[in-house]
Amino acid sequence: MHSIFFLASLVLSVISLTRAAPASSDSREPARTNPATLVNLRVEGANSTIFEAPIITRGHNITTASGGTHHCDGTNLDANASPGATCTSALDDAAKLVKFGYDGTFDIEFDDFFITRIASSAETNTQFWGLLLDYEFTPVGGCQQEVKTGQSILWAFDAFNKAFFLKLAALSHTTKVGKPFTVTVTDGTSRVPIAGATVNVSGKGGESVISDENGVASIVFEYAGVYKLKAERSDSIRSNMVDVVVI
Ligand SMILES: *[C@@H]1O[C@H](CO)[C@@H](O)[C@H](O)[C@H]1NC(C)=O
Ligand SMILES: *[C@@H]1O[C@H](CO)[C@@H](O)[C@H](O)[C@H]1NC(C)=O
Ligand SMILES: *[C@@H]1O[C@H](CO)[C@@H](O)[C@H](O)[C@H]1NC(C)=O
Numbered sequence: 032m033h034s035i036f037f038l039a040s041l042v043l044s045v046i047s048l049t050r051a052a053p054a055s056s057d058s059r060e061p062a063r064t065n066p067a068t069l070v071n072l073r074v075e076g077a078n079s080t081i082f083e084a085p086i087i088t089r090g091h092n093i094t095t096a097s098g099g100t101h102h103c104d105g106t107n108l109d110a111n112a113s114p115g116a117t118c119t120s121a122l123d124d125a126a127k128l129v130k131f132g133y134d135g136t137f138d139i140e141f142d143d144f145f146i147t148r149i150a151s152s153a154e155t156n157t158q159f160w161g162l163l164l165d166y167e168f169t170p171v172g173g174c175q176q177e178v179k180t181g182q183s184i185l186w187a188f189d190a191f192n193k194a195f196f197l198k199l200a201a202l203s204h205t206t207k208v209g210k211p212f213t214v215t216v217t218d219g220t221s222r223v224p225i226a227g228a229t230v231n232v233s234g235k236g237g238e239s240v241i242s243d244e245n246g247v248a249s250i251v252f253e254y255a256g257v258y259k260l261k262a263e264r265s266d267s268i269r270s271n272m273v274d275v276v277v278i
């Protein structure tokens, strides 16, 4: 179902790029603010991935049950001079698209929402939702943190108790039956290799493999088909998904 969103996102992005194209040299035109922005959004819940796909977003008012309606466009607490897409506007757009619920309180002093629950993963006394942009914790709240095209937003449950934010990479997205296929698990923040991560292989005959001391794992596919790979380790936030086509 994510590939449908992916396609929808691409279509929207083409439309928005087309519109953006004649950004003229006409100086009478005001600077274009709050453009539709294509970002990668991943939401890792307590026990499963809640959302992982590109999404188009722009700053807008958002409403939560516990927080009410407030702006969420980067101008919160005067963090940016002009409105734009934000980490929380992306979360809100994904929640509307896939219909996973979420909640957050609003803090007037910080002029921002504190996300308390996404889908069924609700904060506890010791576990909270954390926010990372390109694998770094954001220095400000999610409605203050503007995002640019191509950046990667990660909302992660229990982020502050985790050792690593796993990142899964492969040199190619296609391979052949019977040929070893290599993937690498690293910590997205520090880039150190992560040993002992389980790389799940979903697809016909897929068996999970464990990364070695170099973060490397090798998979031999026995059948042609499309496979989805994702790494996890109990002390870490699970990785992005890697798609592999086996011919
Ligand atoms: C957005 O919310 C603010 C309250 O934070 C309200 O004053 C404003 O009218 C809303 N704007 C729109 C377009 O709904
Ligand atoms: C996650 O799994 C644990 C262990 O099965 C369970 O106690 C917990 O309620 C689950 N959390 C969510 C949000 O589903
Ligand atoms: C890995 O596979 C197991 C068993 O199928 C499943 O319970 C778990 O959620 C999967 N983890 C990821 C990260 O896909």
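Residue numbering for the sequence shown follows the working numbering, starting at 32 and increasing by one per position. Glycine included, each C-beta is placed from N, C-alpha and C at the ideal position.
Straight-line Cα distance separating residue j from residue i
| i | j | result |
| --- | --- | --- |
| M272 | S233 | 11 Å |
| D266 | D143 | 29 Å |
| T95 | A248 | 42 Å |
| D134 | I149 | 7 Å |
| K259 | E244 | 23 Å |
| V74 | E253 | 31 Å |
| N192 | I241 | 23 Å |
| S160 | A190 | First, the residue type needs correcting, since residue 160 is Trp and not Ser in the sequence shown. For W160 and A190, the distance between alpha carbons rounds to 6 Å. |
| A112 | E177 | 11 Å |
| E263 | A84 | 18 Å |
| V251 | V276 | 13 Å |
| F82 | I93 | 19 Å |
| A153 | P170 | 22 Å |
| S270 | G76 | 12 Å |
| N65 | D123 | 16 Å |
| G236 | N78 | 23 Å |
Residues that residue i bridges to, as DSSP identifies them
| i | result |
| --- | --- |
| V13 | One cannot answer for residue 13 here, as it falls past the ends of the chain, which runs 32 to 278. |
| P224 | T217 |
| D104 | Looking at the DSSP assignment, D104 forms no beta bridge with any residue, so it has no partner. |
| K198 | T217 |
Check whether residue i and residue j have beta carbons under 7 Å apart
| i | j | result |
| --- | --- | --- |
| T119 | G173 | yes |
| L202 | W186 | no |
| G181 | K198 | no |
| L72 | I86 | yes |
| A200 | T215 | yes |
| G246 | I268 | no |
Closer than 6 Å: residue i CB and nearest ligand 4 heavy atom
| i | result |
| --- | --- |
| N92 | This structure lacks ligand 4; its bound ligands are ligand 1, ligand 2 and ligand 3. |
**OP:** Entirely within the region 227–262 and at least 3 residues each: give me those beta strand (DSSP E) ranges in chain order.
**Re:** Taking only runs of at least 3 residues, the beta strand (DSSP E) segments lying wholly in the region 227–262 are 229–233, 247–251.
**OP:** With a floor of 3 residues, list each beta strand (DSSP E) that falls wholly inside the region 107–152, ordered by position along the chain.
**Re:** The qualifying runs are 133–138, 143–149.
**OP:** Entirely within the region 162–190 and at least 3 residues each: give me those beta strand (DSSP E) ranges in chain order.
**Re:** Within the region 162–190, the complete beta strand (DSSP E) runs of at least 3 residues fall at 183–188.
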